[in-house]
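Student: Chains A and B are the protein sequences, given in the same order.
Counting with numbering that gives the first Met the number 0, you get residues 0 to 189 for the letters of the first sequence.
Counting with numbering that gives the first Met the number 0, you get residues 0 to 189 for the letters of the second sequence.
Note that the Cβ used here is the ideal one computed from N, Cα and C, for glycine as well.
Protein chains: 2
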Amino acid sequence: MKKSLGANIIVGATPVWIVGTYDNAGKPNIMAAAWAGACCSEPPCVAVSLRKATYSHNSIVQNKAFTINIPAADYVRETDYAGIASGKDVDKFAHLKFTPIKSDLVYAPYIQEFPLILECRLLHTIEIGLHTQFIGVILDVKAEESLLGEKQILQMEKIDQFVFCPGARTYYKVGDYIGKAFSIGREFAK
Amino acid sequence: MKKSLGANIIVGATPVWIVGTYDNAGKPNIMAAAWAGACCSEPPCVAVSLRKATYSHNSIVQNKAFTINIPAADYVRETDYAGIASGKDVDKFAHLKFTPIKSDLVYAPYIQEFPLILECRLLHTIEIGLHTQFIGVILDVKAEESLLGEKQILQMEKIDQFVFCPGARTYYKVGDYIGKAFSIGREFAK
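1) Identify each residue in the region 165-177 of chain A for which the Cβ-Cβ distance to at least one residue of chain B is less than 9 Å, and report them in chain order.
2) What residues in its chain sit with their C-beta under 8 Å from that of A/D79, if we drop five residues either side in the sequence?
3) Just by C-beta distance, which residues in the region 11-37 of chain A are closer than 9 Å to chain B?
4) Residues of chain B with CB closer than 7 Å to the CB of A/P43, please, in chain order.
5) Drop a sphere of 10 angstroms on the beta-carbon of B/T124, count the other beta-carbons inside from all chains shown, and report buried for 16 or more, exposed for fewer.
6) Taking the alpha-carbon of B/Y109 as reference, which of B/I8, B/T53, B/F65, B/V45 has the nearest alpha-carbon?
7) Can you find a CB in chain B that lies within less than 8 Å of the CB of A/H123?
8) Is the shortest distance between the beta-carbon of A/Y80 and the beta-carbons of chain B less than 8 Å?
9) Would DSSP call B/T78 helix, strand or coil?
10) Taking Cβ positions only, does A/S85 come closer than 8 Å to chain B?
11) Would you call B/G148 buried or exposed, if buried means 16 or more other Cβ atoms sit within 10 Å of its Cβ?
12) So with CB distances below 7 Å, who are the chain B contacts of A/E186?
13) How far does the beta strand (DSSP E) with A/A64 in it reach, from first residue to last?
14) B/F232 versus chain A: which residues are under 7 Å apart at the beta carbon?
15) Would you report the Cα separation of A/L122 and A/V136, rounded to the nearest angstrom?
16) Is it buried or exposed, B/T98, if we count other Cβ atoms within 10 angstroms and call 16 or more buried?
17) Going by Cα to Cα distance, which pick from B/A6, B/V162, B/A52, B/L49 is closest to A/K179?
18) With 8 Å set as the bound, which would you pick, yes or no: does the beta-carbon of A/D193 sit closer than that to a beta-carbon of chain B?
19) With distances taken Cα to Cα, identify the nearest neighbour of B/G25 among B/N57, B/R185, B/A81.
20) Could you compute how far the alpha carbon of B/A6 sits from the alpha carbon of A/V105?
21) Thinking C-alpha only, which one of A/T53, A/V89, A/S55, A/Q132 is nearest B/C38?
22) Can you give me the Cβ contacts of B/K101 inside the same chain, cut-off strictly under 7 Å, excluding the 5 residues immediately before and after it?
23) If you count every other CB in all the chains shown that lies within 10 Å of the CB of B/E144, and 16 or more means buried, which is it?
24) Which bits of chain A does B/A72 rub up against, with CB to CB less than 7 Å?
25) So what's B/L49 in DSSP terms, helix, strand or just coil?
26) Indicate the three-state DSSP secondary structure (helix, strand or coil) for B/N203 in the structure shown.
27) B/I69 versus chain A: which residues are under 9 Å apart at the beta carbon?
Have a look at this one:
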């Protein structure tokens with residue numbers, strides 16, 4: 000039996016990303032975001048939504064650039080804090096002992112300690128409601144070499160990523176491997 | 000040491016959702032999508048990107064409505080198939096023995112067998128490149144009653160959801176609980 004929960008943002012697991020920007024004074028800043036995901040293969044693009052009230056929102060509008068920093072579960076506490084505190088009040092890089100590195104291709108900092116980084120140039124800004132969605136073109140992906148397997152393919156098992164569950168507002172690790180995409184469903188094609 | 004992987008859609012874990020639509024003849028259809036996520040809290044909205052070449056793309060444009068069906072890991076093979084086969088060629092509902100149910104609030108079918116369903120009305124259409132992003136307002140969330148805990152809060156552990164890893168093109172279960180959001184990071188606020 001299904002129960003109706005009404006108009007709610009209860010969508011199961013979402014990724015948790017940290018968005019990196021420089022503020023007006025050139026100070027590196029970060030915030031956590033879970034309204035986020037891939038949105039196009041060619042050009043490769045991600046979408047991340049921020050409330051207009053956030054300090055990072057204005058930085059993206061100004062600089063037309065941001066990084067996506069994908070945290071390992073070791074940093075779940077720091078990531079959570081980056082979604083609680085505002086860059087208006089705190090230097091989150093310094094407070095969390097993260098090292099800001101200037102991106103190679105865009106004007107935005109990334110977190111050296113994180114395993115997977117996307118350098119993004121702003122492509123579209125969509126005003127939806129409480130949140131503004133920023134679509135960014137991925138100009139470069141940077142991954143820790145230790146995470147790469149054969150043919151430089153990123154191995155999910157080694158990132159030790161985690162996801163967020165809206166509603167319950169809880170974090171879970173990405174767990175066991177269950178199969179190869181565009182492959183395990185082929186049994187139904189017979 | 001970080002290795003540059005260039006302009007690629009390597010973003011770590013993404014959700015895997017099934018999009019439900021009616022085609023021009025009123026036949027229920029589904030397809031899997033991983034370029035997807037939440038994008039606004041108020042109104043509650045999701046974004047899902049489809050290639051123009053897909054059969055479902057036209058159905059969303061025509062009907063301005065779709066469902067999001069969130070699969071349990073039990074259905075990872077069926078979900079994978081729903082991303083391989085086209086509704087142009089196959090009645091995927093019949094082939095996968097899924098039961099199509101007409102949504103209450105929008106003109107789109109959902110999969111009775113799936114644990115979590117979102118009924119969405121199309122709000123924005125953004126042409127990005129290979130993919131078109133559809134932003135839909137969630138008009139209703141339907142969850143299996145057995146998944147709900149206290150205060151009707153959806154319990155992630157019980158959905159047994161899985162995620163997709165682009166690049167490696169692999170599926171992983173959502174795994175162990177690691178903490179409460181907007182809470183475990185507060186130790187840094189002291």
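Tutor: Judging by the given coordinates:
1) The residues in question are P165, G166, A167, R168, T169, Y170, Y171, K172, V173, G174, D175, Y176, I177.
2) By one-based count along the first sequence, residue 79 of chain A stands at place 80. Its chain contains A31, Y170 as the residues whose beta carbon lies nearer than 8 Å to that of A/D79, once the 5 sequence neighbours on both sides are disregarded; these appear in chain order.
3) Listed by position along the chain: G11, A12, T13, P14, V15, W16, A31, A33, W34, A35, G36, A37.
4) One-based indexing of the first sequence puts residue 43 of chain A at position 44. Result: A6, N7, I8.
5) Sequence index remark: in the second sequence, residue 124 of chain B carries index 125 (1-based). So B/T124 ends up on the exposed side.
6) Counting from one through the second sequence, the residue named residue 109 of chain B turns up at place 110. Closest in C-alpha terms to B/Y109, from the list B/I8, B/T53, B/F65, B/V45, comes B/F65.
7) Here residue 123 of chain A refers to the residue found at position 124 when the first sequence is read from its first residue. By this cut-off, A/H123 is an interface position.
8) In the first sequence, residue 80 of chain A corresponds to position 81, counting from 1. Yes, contact with chain B.
9) Taking the first residue of the second sequence as 1, we reach residue 78 of chain B at position 79. The DSSP-derived three-state label of B/T78 is helix.
10) Counting from 1 along the first sequence, the entry for residue 85 of chain A is found at position 86. Chain B contact via Cβ: absent.
11) The count along the second sequence starts at 1 and reaches residue 148 of chain B at position 149. Result: exposed.
12) Numbered from 1 along the first sequence, position 187 holds the residue referred to as residue 186 of chain A. By Cβ distance, chain B contributes R76.
13) In the first sequence, the residue the question calls residue 64 of chain A occupies position 65. A/A64 -> beta strand (DSSP E) spans 64-69.
14) The requested residue 232 of chain B does not occur in the structure, where chain B is confined to residues 0 to 189.
15) Walking along the first sequence from the start, residue 122 of chain A turns up at place 123. Walking along the first sequence from the start, residue 136 of chain A turns up at place 137. Computed Cα separation, rounded: 6 Å.
16) Stepping through the second sequence from its first residue, residue 98 of chain B is reached at position 99. That one is exposed.
17) Start at 1 with the first residue of the first sequence, and residue 179 of chain A comes out as number 180. Nearest C-alpha to A/K179: B/V162.
18) Outside the shown range of chain A (0 to 189) lies residue 193 of chain A, about which nothing can therefore be said.
19) Residue mapping note: residue 25 of chain B aligns to position 26 of the second sequence, counting from 1. The option with the nearest alpha carbon to B/G25 is B/N57.
20) Translated into positions along the second sequence, residue 6 of chain B becomes position 7. Translated into positions along the first sequence, residue 105 of chain A becomes position 106. Roughly 13 Å between the two C-alpha positions.
21) Your numbering for residue 38 of chain B matches position 39 in the second sequence. Considering only alpha carbons, the answer is A/Q132.
22) In the second sequence, counting from the first residue as 1, residue 101 of chain B sits at position 102. Setting aside the 5 residues that flank it on each side, B/K101 is surrounded in the same chain by P108, each with a C-beta closer than 7 Å to its C-beta; the list follows chain order.
23) Numbered from 1 along the second sequence, position 145 holds the residue referred to as residue 144 of chain B. That one is exposed.
24) Position 73 of the second sequence holds residue 72 of chain B. By Cβ distance, chain A contributes I177.
25) In the second sequence, counting from the first residue as 1, residue 49 of chain B sits at position 50. If DSSP states are grouped into helix, strand and coil, B/L49 belongs with the strands.
26) This structure leaves residue 203 of chain B out entirely; chain B is present only between 0 and 189.
27) Within the second sequence, the letter at position 70 stands for residue 69 of chain B. Listed along chain A, the residues sitting closer than 9 Å to B/I69 by beta-carbon distance are V10, G11, A12.
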